[in-house]
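FYI, in this note's numbering the residues of the sequence shown are 17 to 386. For every residue, glycine included, the Cβ atom is placed at its ideal position computed from N, Cα and C.
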Amino acid sequence: MTETTTLADLPLREDLRDEHPYGAPQLHVPVVLNVNENPYPVAPEVVADIAAAVARAAVGLNRYPDREFLDLRADLAAFLRTESGAQLEPEQVWAANGSNEVMLHVLQAFGGPGRTALSFAPTYSMYPEYARDTLTTWVTGRRADDFTLDVEHAREQVRRYRPSVVLLTSPNNPTGTALPLATVEAVLEEVSAVGGVVVVDEAYGEFRRDGTPSALELLPRYGNLAVSRTMSKAFSLAGARVGYLAAARAFVDALRIVRLPYHLSAVTQATARAALQHSAALLSTVDELRHRRDETVAWLRGNGFEAAESDANFVLFGRFADRHAVWQGLLDRGVLIRETGPAGWLRVSIGTADEMQQFRTALQEVVAQQ
Ligand code: PMP
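Put into structure tokens, the structure is as follows:
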């Protein structure tokens with residue numbers, strides 16, 4: 017009786033019994049500022065090139081896609097060279113359906129039963145799910161009150177847990193905090209001593225402040241380092257599902273062992289390659305968004321709120337005795353933000369000028385009513 021079957025009738029893994037599918041509410045409201053997307057749609061000339069590339073790929077859809085996608089990996093390497101000066105061979109780049117899948121590959125390859133993954137809270141809420149799904153033990157150290165990472169604490173946690181995977185997020189979600197390269201390097205040294213790998217998740221890397229180096233700079237010196245990026249945020253391509261990382265060849269070879277064959281569809285590969293031909297156009301909104309982020313932080317602070325320093329395209333702000341009421345009040349006014357992060361805080365993604373105006377007006381109304 018399919019319609020009366022419940023989860024309790026099925027042999028679901030015991031550790032998944034009380035779990036729910038991950039995801040922020042997908043609501044159709046006028047102002048969507050909850051999942052750190054780029055608010056600007058893809059420009060018409062880029063759309064035209066993507067559509068033409070997809071049409072060419074469609075002719076060959078009777079065949080499986082290029083399993084190694086070295087052309088796309090070469091294009092991504094070329095992009096990272098322009099963006100951060102990184103000198104990478106195509107074989108040093110890996111891609112998947114969003115950096116979520118890239119990270120799952122990392123946990124599948126380097127985590128597993130009897131192994132531990134370590135990160136520092138508050139941080140991206142999907143990490144524990146990758147660990148759960150790969151049966152990896154999940155542990156967290158903590159960030160300081162201003163959300164920075166104390167190097168000594170981080171090193172201590174590494175010595176204590178001897179993790180095989182350490183996830184460092186820079187800029188961090190949901191706090192926006194960028195990590196100094198010296199911190200990343202200190203953690204890397206400690207993790208190297210216990211034989212683990214480090215992933216620096218730079219999903220928001222393109223929004224970092226000028227002069228802040230990417231962890232890509234450390235790649236030539238550390239074979240156990242990977243730096244992950246995504247086309248979902250700065251590139252305005254969340255819907256395409258393309259994430260990637262750069263690492264030593266051997267690191268990438270480990271991920272090739274666990275990936276499903278043909279995991280990156282021909283349509284996805286064509287879309288990403290066409291988009292990368294237009295990386296400058298796609299990234300042309302980054303400066304404006306960074307500027308608006310800084311304005312948003314200043315406005316929040318000027319209006320009696322706390323706002324965390326951010327190097328990303330979102331701002332964590334608060335604090336509220338009842339943050340859920342504030343979140344709901346904004347939603348009632350057509351503004352969807354994210355209820356996430358430490359107690360009392362909320363996160364708003366940076367939208368268009370008009371969207372941010374609506375956010376500010378709604379927030380003032382909500383707070384005035386409390
Ligand atoms: N890392 C961080 C820190 C993120 O915030 C996100 C998306 N919210 C991701 C990775 C995954 O993004 P995607 O799968 O779209 O590349």
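Considering only heavy atoms of ligand 1, does any lie closer than 7 Å to the CB of T156?
T156: no, Cβ never under 7 Å from ligand 1.
Is the beta carbon of V342 closer than 8 Å to that of V313?
Cβ distance not < 8 Å, so V313 and V342 don't count as in contact.
Residues around ligand 1, please: the ones whose beta-carbon is closer than 6 Å to some heavy atom of it, in chain order.
Matched residues: N52, G114, S115, N116, Y140, T185, N189, D217, A219, T246, S248, A254, G259.
Please report the distance separating the alpha-carbon of E99 from that of V109.
Rounded to whole angstroms, E99 to V109 spans 15 Å at the Cα level.
Taking the alpha helix (DSSP H) that L347 falls in, what are its first and last residues?
Per DSSP, L347 belongs to the alpha helix (DSSP H) from 339–348.
Thinking C-beta only, is H279 closer than 8 Å to N113?
Yes. Within cutoff.
Span of the alpha helix (DSSP H) holding F95?
Counting along the chain, the alpha helix (DSSP H) containing F95 begins and ends at 86–100.
Going by beta-carbon coordinates alone, are A291 and P81 separated by less than 8 Å?
Their beta carbons are not under 8 Å apart, which means A291 does not touch P81 by this criterion.
Mind checking which residues open and close the alpha helix (DSSP H) that includes A297?
Where A297 is concerned, the enclosing alpha helix (DSSP H) stretches over 295–298.
Please state whether the Cβ-Cβ distance between L235 and A262 is less than 8 Å.
Yes. Within cutoff.
Starting from W315, trace the alpha helix (DSSP H) both ways and give me its first and last residue.
It spans 302–318 - the alpha helix (DSSP H) in which W315 sits, taken as one unbroken run.
List the DSSP bridge partners of T185.
BP columns for T185 point to D217.
What is the rounded straight-line gap between the Cα of F375 and the Cα of V47?
When rounded, the distance between both Cα atoms is 8 Å.
For P129, count the other beta carbons within 10 Å of its own beta carbon; 16 or more makes it buried, fewer makes it exposed. Which is it?
With fewer than 16 other Cβ atoms within 10 Å, it is exposed.
Could you check the C-alpha separation between A24 and G39 for me, to the nearest Å?
The alpha-carbon atoms of A24 and G39 are separated by roughly 23 Å.
Entirely within the region 199–261 and at least 3 residues each: give me those beta strand (DSSP E) ranges in chain order.
213–217, 241–246, all fully within the region 199–261.
When the Cα atoms are used, what is the spatial distance from G127 to P106?
Straight-line Cα distance between these residues: approximately 25 Å.
Out of L26, G334, L379, R349, point me to the one whose CA is closest to P190's CA.
For P190, the nearest C-alpha among the options comes from G334.
Could you have a look at V331 and say whether DSSP puts it in helix, strand or coil?
Note: V331 maps to strand in three-state DSSP.
Starting from L362, follow the beta strand (DSSP E) in both directions and report where the run begins and ends.
Its beta strand (DSSP E) spans residues 362–365.
For F251, collect the residues of the same chain with a Cβ closer than 6 Å to its Cβ; drop the 5 residues on either side in sequence, then sort them by chain order.
Excluding residues within five positions, the ones whose Cβ falls inside 6 Å are L298.
According to DSSP, is T153 part of a helix, a strand, or is it coil?
Reduced to three states, the DSSP call for T153 is strand.
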